[in-house]
Amino acid sequence: MLANQTHRASDTPTVIDLFAGAGELSDDAVQSSLDIQNASIDFDDIPVNPDWAFDSIRSTEQLTHGYHRYPAKFLPNVVKKIIEDHSPTNCNVIADLFAGCGTTLVEAKVHGKRSIGTDINPVAQLITRVKTTPIIPETLRLTYENLIAQFDEFNETNYSDIQKHEKLDYWFMPQEKSKIAFLFDKVHELKAEDFTKEFFYVCISHILKNCSRWLQSSTKPQVDPDKKIPDPFEEFKRHCQKMMKSNDEFYNELNKKGYLEVPCDILLRDARQTKLKSESVDMIITSPPYVTSYEYADIHQLTAYWMEYVSSMSEFRKQFIGTSYSGNTSLEVRGSKQAQDIVYALAQRSKHIAQDVAQYFNDMKDVATEMARILVPNGHACIVIGNTKIKEVQIKSAEVFFEFLQNVGLKKVKVIKRSIPHKLMPTLRDKNTGRFTKQDNPNCKKVYPNEYIIIMQK
7 MLANQTHRAS DTPTVIDLFA GAGELSDDAV QSSLDIQNAS IDFDDIPVNP DWAFDSIRST
67 EQLTHGYHRY PAKFLPNVVK KIIEDHSPTN CNVIADLFAG CGTTLVEAKV HGKRSIGTDI
127 NPVAQLITRV KTTPIIPETL RLTYENLIAQ FDEFNETNYS DIQKHEKLDY WFMPQEKSKI
187 AFLFDKVHEL KAEDFTKEFF YVCISHILKN CSRWLQSSTK PQVDPDKKIP DPFEEFKRHC
247 QKMMKSNDEF YNELNKKGYL EVPCDILLRD ARQTKLKSES VDMIITSPPY VTSYEYADIH
307 QLTAYWMEYV SSMSEFRKQF IGTSYSGNTS LEVRGSKQAQ DIVYALAQRS KHIAQDVAQY
367 FNDMKDVATE MARILVPNGH ACIVIGNTKI KEVQIKSAEV FFEFLQNVGL KKVKVIKRSI
427 PHKLMPTLRD KNTGRFTKQD NPNCKKVYPN EYIIIMQK
């Protein structure tokens with residue numbers, strides 16, 4: 007029976023009441039913004055708080071946080087400290103509107119809090135669902151051993167003409183492609199009701215970059231013609247063993263605390279319109295995408311193609327916040343003179359980039375409105391966000407989003423500045439192009455050395 011194989015939070019029916027009956031932000035809530043004293047805060051003057059650096063702790067490898075690589079990964083210890091230090095009284099439900107690889111949801115479960123995440127990326131949904139699903143260790147190990155035992159059956163000729171998206175032929179050499187196809191076939195044969203199936207899909211997803219021609223040190227899609235590609239079977243076994251060890255830790259931790267059945271769900275939804283019930287969330291903990299920082303669709307394209315999540319990458323890209331593929335041609339920003347001034351300054355240097363940033367700010371204004379709608383009265387929103395500089399123009403994303411939150415009726419509780427010594431993202435931009443670059447580029451400039459934790463209350 008399923009109960010003897012895994013504990014999965016989404017099986018708990020009590021989570022359903024979070025999704026139904028979503029409505030618009032009430033007129034009263036919008037009107038309340040008129041009564042807010044929009045106190046000006048110079049974020050640059052806020053001193054760095056050393057208690058939030060965690061520069062000697064690699065928490066991204068604890069519990070299930072290391073299941074899958076993910077750019078700009080949310081630091082688990084930051085989420086842990088936010089929950090422990092800033093949860094409102096009687097906090098029962100925590101939400102992350104940019105759930106990514108599920109850091110907030112994993113930490114919420116470990117703290118016994120029901121959680122709900124939304125993300126527009128199906129790869130993120132898969133990773134998060136697996137990371138928040140503790141599996142009975144004996145069941146998982148038995149399934150793994152049965153899978154490995156079938157490797158002797160592999161015959162490359164049976165996979166010499168597999169029909170997959172043509173882009174996969176660009177990224178994978180025939181030998182590695184055939185072995186990966188075999189792995190997918192064997193995992194696909196697992197019973198649909200056995201949640202170990204998705205566990206092994208995530209393992210394959212993680213090794214795709216390793217076993218492709220993708221430059222290993224780059225988040226940007228680019229070929230490494232000299233790459234020594236490892237054997238997919240050996241990579242699968244190596245990473246599975248690592249994941250199983252992490253699952254043991256996660257399962258035992260939850261079992262000890264009595265939290266195995268704490269509800270958790272991850273929805274394929276847009277942060278601008280989550281469809282969650284109004285006033286259903288006690289606390290939001292999230293880290294929005296940085297302006298023009300990543301093309302998340304491109305970064306996860308290998309998994310998206312293999313899992314057949316997408317057929318057109320160009321259409322897929324348009325759905326993301328912060329993408330340069332939005333097609334926006336306007337320089338207008340709604341509801342923030344500060345944001346508008348930033349866009350106009352950028353337009354003097356690059357109209358195209360200015361249009362992208364304008365779209366980003368307008369999208370984030372909609373996110374702020376959605377946050378206010380789903381939060382209960384007195385609920386808290388905790389936003390981890392950083393500023394950057396593009397073409398010598400300071401992009402004050404934190405200050406702008408702080409303003410948006412004020413405008414929809416939230417009040418400041420605290421703003422914390424933390425250094426990010428281990429932030430899993432590029433920290434250098436080319437001063438001329440605005441693109442991420444390497445240390446040896448003479449035009450390189452450090453970005454994101456700090457970020458802000460904005461804590462607001464409805």
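Quick note on our numbering: the sequence shown kicks off at 7 and runs consecutively. Ideal Cβ placement from N, Cα and C applies to all residues, glycine included. Nothing here was measured: the structure is a model prediction, and the numbers come from that model.
- Annotation for Leu381: the continuous beta strand (DSSP E) segment containing it runs Leu381 to Ile391.
- Assigned with DSSP and collapsed to three states, Lys226 falls in coil, not helix or strand.
- With 16 or more other Cβ atoms inside 10 Å of its own Cβ, Gly415 counts as buried.
- Residue pairing of Arg120 in beta bridges, as defined by DSSP: Val99.
- Of the residues assessed, Arg379 falls on the buried side of the cut-off, its CB having 16 or more other CB atoms within 10 angstroms.
- DSSP places Ile327 outside any beta strand (DSSP E), giving it a letter other than H or E.
- Assignment of Thr394 by DSSP, reduced to helix, strand and coil, places it in the strand class.
- The C-alpha of Lys86 is placed about 6 Å away from the C-alpha of Glu113.
- Using a C-beta cut-off of 8 Å, the stretch 278-292 makes no contact with the stretch 235-251, since fewer than three inter-stretch Cβ pairs fall below that distance.
- Taking a 10 Å sphere around the C-beta of Gln156, we find fewer than 16 other C-beta atoms and assign the residue as exposed.
- Scanning its chain for C-beta atoms nearer than 8 Å, with the 5 sequence neighbours on each side dropped, one finds around Lys357 the residues Leu337, in chain order.
- For Val419, the uninterrupted beta strand (DSSP E) segment begins and ends at Lys417 to Ser425.
- If only uninterrupted beta strand (DSSP E) runs of at least 3 residues are considered, none is enclosed by the stretch 199-262.
- For Asn55, the closest of Gln463, Lys464 and Ser425 by C-alpha to C-alpha distance is Ser425.
- With the rule of 3 Cβ pairs closer than 8 Å, the stretch 339-359 does not count as touching the stretch 303-311.
- When the alpha-carbon of Val373 is set against those of Met289, Ile327, Ala360 and Tyr311, the nearest one is in Ile327.
- With a contact defined as Cβ atoms closer than 8 Å, Val193 and Ile210 qualify at about 7 Å.
- Taking a cut-off of 8 Å for Cβ pairs, the stretch 258-265 and the stretch 86-101 do not touch, as fewer than three such pairs fall below it.
- Counted as a single uninterrupted DSSP element, the beta strand (DSSP E) harbouring Val399 occupies residues Val399 to Ile401.
- For Asp48, the secondary structure class from DSSP, reduced to helix, strand or coil, is coil.
- Going by C-alpha positions, Phe188 is about 11 Å away from Gln181.
- For Gln68, there is no enclosing beta strand (DSSP E), as DSSP marks it with neither H nor E.
- Take His212, set aside five residues on each side of it, and the residues of its chain with a beta-carbon closer than 6 Å to its own are His74 and His245, in chain order.
- With respect to Phe49, Tyr366 sits apart: the two C-beta atoms are not nearer than 8 Å.
- For Gln307, no pairing in a beta bridge is given by DSSP.
- Lys137 and Gly108 have their alpha carbons spaced roughly 7 Å apart.
- DSSP, reduced to helix, strand and coil, places Thr292 within a strand of the structure shown.
- Excluding the 5 residues flanking it on each side, Asp254 has same chain C-beta neighbours closer than 8 Å at Pro143, in chain order.
- Contact annotation: Lys183 and Leu196 have beta-carbon atoms that are not nearer than 8 Å.
- In the DSSP annotation of this structure, Ile88 is not part of any beta strand (DSSP E); the continuous alpha helix (DSSP H) holding it starts and ends at Pro82 to His92.
- Here the alpha carbon of Ile359 sits roughly 49 Å from the alpha carbon of Phe160.
- In the three-state reduction of the DSSP assignment, Ile348 falls in the helix class.
- Taking C-beta separations shorter than 7 Å and ignoring five residues to either side along the sequence, the partners of Thr309 in its chain run Val129, Ser211 and Leu214, following chain order.
- Taking C-beta separations shorter than 6 Å and ignoring five residues to either side along the sequence, the partners of Glu285 in its chain run Val382, following chain order.
- The C-beta distance from Thr292 to Asp125 rounds to 10 Å, too long to fall under 8 Å, and the pair is not in contact.
- With respect to Ile396, Leu352 sits close: the two C-beta atoms are nearer than 8 Å.
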